[in-house]
Amino acid sequence: MSQTFDLIVIGAGPGGYIAAIRAAQLGMKVGCVEQWRNPRGELALGGTCLNVGCIPSKALLASSEMVESMQHDAADHGIVVKGASVDIGKMMARKDGIVSKMTKGIEFLFRKNKITWLKGHGRLAGSRDGRFIVEVSGEGEPISCDASQVILATGSKARHLPSISVDNQVICDNEGALALGDVPARLGVIGAGVIGLELGSVWRRLGSQVTILEALPEFLAAADEAVRKEAWKQFTKQGLAIHLGAKIGEVKREGAGVSIAWTDSSGQAQTLKCDRLIVSVGRVPNTEALGLDSVGLATDARGFIPVDDACRTAVPGIWAIGDVVRGPMLAHKAEDEGVLVAELIAGQKPHIDYNCIPWVIYTSPEIAWVGQTEQQLKAAGREFKSGQFPFAANGRALGTGASAGFVRVLACAKTDEVLGVHIVASNASDLIAEAVLAMEFKASAEDIGRICHPHPSLSEVMREAALAATDNRALNG
5 MSQTFDLIVI GAGPGGYIAA IRAAQLGMKV GCVEQWRNPR GELALGGTCL NVGCIPSKAL
65 LASSEMVESM QHDAADHGIV VKGASVDIGK MMARKDGIVS KMTKGIEFLF RKNKITWLKG
125 HGRLAGSRDG RFIVEVSGEG EPISCDASQV ILATGSKARH LPSISVDNQV ICDNEGALAL
185 GDVPARLGVI GAGVIGLELG SVWRRLGSQV TILEALPEFL AAADEAVRKE AWKQFTKQGL
245 AIHLGAKIGE VKREGAGVSI AWTDSSGQAQ TLKCDRLIVS VGRVPNTEAL GLDSVGLATD
305 ARGFIPVDDA CRTAVPGIWA IGDVVRGPML AHKAEDEGVL VAELIAGQKP HIDYNCIPWV
365 IYTSPEIAWV GQTEQQLKAA GREFKSGQFP FAANGRALGT GASAGFVRVL ACAKTDEVLG
425 VHIVASNASD LIAEAVLAME FKASAEDIGR ICHPHPSLSE VMREAALAAT DNRALNG
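The sequence shown lines up with residues 5 to 481 when you count with our numbering.
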């Protein structure tokens, strides 16, 4: 069987399926290849993010926050909760239902936009008459397709350490950690990055005693110094035991649990015994078995596909986006790159300012930032000014009982242009969007400070921080 398209997208994660939809909106005939199977063995769109990443983890996060609220916060509101317990089975079923609803939603969008879902594994198989050949196999009869344009959007997978055997029952990566059948009394986590902190926080709220071992000597090294200090204070206050500078030794199954030999930052030998272990030491691009050599492409030493600022590969007509290329492995970055490439193929002139891509860590409180950190500005010799305002001085935050954290605004000392915004707050992931908009349009701190924000609202803290960066004019601090 052979099919012809204007564009073939290999991968239907956040970057791939969005690229396919935007291209179809622009009038292209699009085929999108995806081979993902859910735990029930059913083919599903959405990639890692939707199936075993961003979406299911946020569903569990919401459930775990509800548990903690009932157990610890309800009494402050005059609400007495007796006999509350956790039904992990129902919690997981709710999570799976949300995932299923969203994957079915993408299927609907594919039908709506007349996108052909090519089910199976896709690989490049050379070119002919100026068109690229893509072979799709694994689901029934193999399919040979051709298109003048191809987008590689195959995402990434969890990095596994060679000395640790992940079974996703007792020793888990992100997939297994989102499908545990019970709440482990003792949970170990290797890696204090985004995934380790998020999953560790979820299971701590559900009742686990969580110990996180991090190899790096610094906590959240990419974040602003003020954010790092506040996050460390909040997480340790909550009971997360985080050990920096840890060197992992032998990891072995011991009875029904796991034993981890490790060395602390002072060189002392330690042993951690836990009921479950999550290994979260980063992710690697899915660029194997793509047939890159058939069209003259190769990956770099780390497995990424080299591209320019517009996601063009070295072969005209082949593009790569998302986790398989340089930059942070963020779903929203992949989505923006998908739109960018689709519009470039259509002859439009879109752009992405990578300095305006926000970062979010979905812990409690959440952490979000966009732009430069204080450390980066100092290293670059850039003159700047800063303004910071706490949620503890905000009426809405006090009313909700979530008053930890702050907003910090960094602005150019000469022009007042916003250079970076850093937030620690219960809903930092929502608040950061205002900062992204401001930076995209080169707004000044005073621009933000002069915008009327609703009262009472958490967004007022953004205004106060911006005013604090503008001649220290915060009105309520």
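C-beta: ideal position from N, C-alpha, C; glycine also.
Residues of its chain near residue i, where Cβ-Cβ distance is below 6 Å and the 5 sequence neighbours each way are ignored
i	result
V1	Shown here, the chain extends from 5 to 481; a query on residue 1 therefore has no answer.
D327	G159, S160, P289 and M333
T8	D150
C176	I282
D77	G405
S463	H457
A439	V374 and V425
A85	In the sequence as presented, Ala is not what sits at residue 85; that position holds Val. Around V85: M74 and A78.
G211	V187
S148	S6 and E139
I102	A63
Beta-bridge partners of residue i, as assigned by DSSP
i	result
G391	V413
F9	A151
A429	E370
R306	Answer is none; R306 lacks a bridge partner.
I119	I119 pairs with nothing; no bridge assigned.
F223	DSSP lists no partner for F223.
I322	V154
F136	S131 and A151
A245	T215
I175	L281
G35	I12 and T120
G87	Partner(s): none; G87 has no beta bridge.
E258	G261
Best match in the options for proximity to residue i [C-alpha to C-alpha]
i	options	result
K337	G19, S6, S73 and G15	G19
R287	Q153, M70, M95 and E179	E179
S298	T107, Y358, C315 and I322	I322
Q238	G424, S368 and M32	S368
F223	L203, S212, L210 and G195	G195
N313	R41, A302, A293 and E341	Note that residue 313 is Asp in the sequence shown, not Asn. Per the Cα distances, E341.
N117	L65, Q75, Q29 and G192	Q29
Q153	I455, G399, E143 and C36	C36
A335	A66, V13, D10 and I22	I22
G51	S104, E229 and N359	S104
A437	I361, G101 and R26	I361
A66	L244, A225, S205 and N476	S205
Q352	R26, G17 and S6	R26
L344	A129, P460, Q380 and I155	I155
A181	G253, K99, Y358 and G134	K99
L244	E292, V214 and R257	V214
A478	G409, P166 and N398	N398
A470	I427, G307, L423 and G391	G391
Y358	E339, A346 and A350	E339
A226	L381, K256, R41 and V56	L381
Proximal residues to residue i (C-beta, below 7 Å), its chain only, five neighbours per side dropped
i	result
K389	A415, A417 and A473
S131	I137 and V299
I83	none
A401	F395, S407 and L462
R1	With the chain covering only 5 through 481, there is no way to say anything about residue 1.
Beta-carbon proximity check, residue i vs residue j, cutoff 9 Å
i	j	result
A406	S430	yes
E218	A260	no
G124	G109	no
D420	A449	yes
T120	L54	no
I199	H247	no
M96	A183	yes
G197	L276	no
L203	S61	yes
F393	G331	no
L435	V411	yes
E378	D475	no
Proximal residues to residue i (C-beta, below 8 Å), its chain only, five neighbours per side dropped
i	result
V319	V299, G300 and L301
Q39	L47, K123, G124, H125, G126, G142 and E143
Check: residue i C-beta below 8 Å from any heavy atom of the ligand COA
i	result
D268	Questions concerning the ligand COA fall outside what the structure shown contains, since it holds no ligand whatsoever.
Handout entry: Meets three-Cβ-pair contact criterion under 8 Å: the stretch 88–106 and the stretch 174–190
Key = Touching, per the Cβ criterion.
Problem - Segment contact flag, the stretch 363–379 with the stretch 438–449, C-beta cutoff 8 Å, min 3 pairs - result: At 8 Å Cβ cutoff, the stretches touch.
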